[in-house]
Amino acid sequence: MLMAHPAMLLELVEKYEALELLHARQGKAEVRRRMDDVAYTLCVSTGTRDVDAALAAARHRLPGAQVKDASLLAG
């Protein structure tokens, strides 16, 4: 399977995390829709089916990543 470039994954992870904080503070539907869009792109880019697995897989591919528990990536 092809994987997205680490720079793109980093951008997506950072964007998702920023939107997550914004949603926690504001709770607006528009922010949630943007989070869903980024989550979908992360899932497609990492070959996963849920955002938590996508974030774990993306972080694993980032330069300097150290995996302590690969259980989320197994499957």
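Heads up: the sequence shown runs through residues 45 to 119, numbered per the working numbering. Every residue, glycine too, gets a C-beta built ideally from N, C-alpha and C.
Cα-Cα separation between residue i and residue j, rounded to whole angstroms
i: R105; j: V88; result: 14 Å
i: A97; j: R103; result: 10 Å
i: A101; j: R77; result: 22 Å
i: L120; j: A83; result: The structure shown does not extend to residue 120, since the chain is modelled only from 45 to 119, so the question has no answer here.
Extent of the continuous alpha helix (DSSP H) to which residue i belongs
i: K59; result: P50 to Q70
Cβ-Cβ separation, residue j to residue i (assumed contact under 8 Å), whole Å
i: M79; j: Y60; result: 7 Å
i: L63; j: V75; result: 6 Å
In chain order, each alpha helix (DSSP H) run of at least 4 residues that lies wholly inside the segment 77–112
95–105
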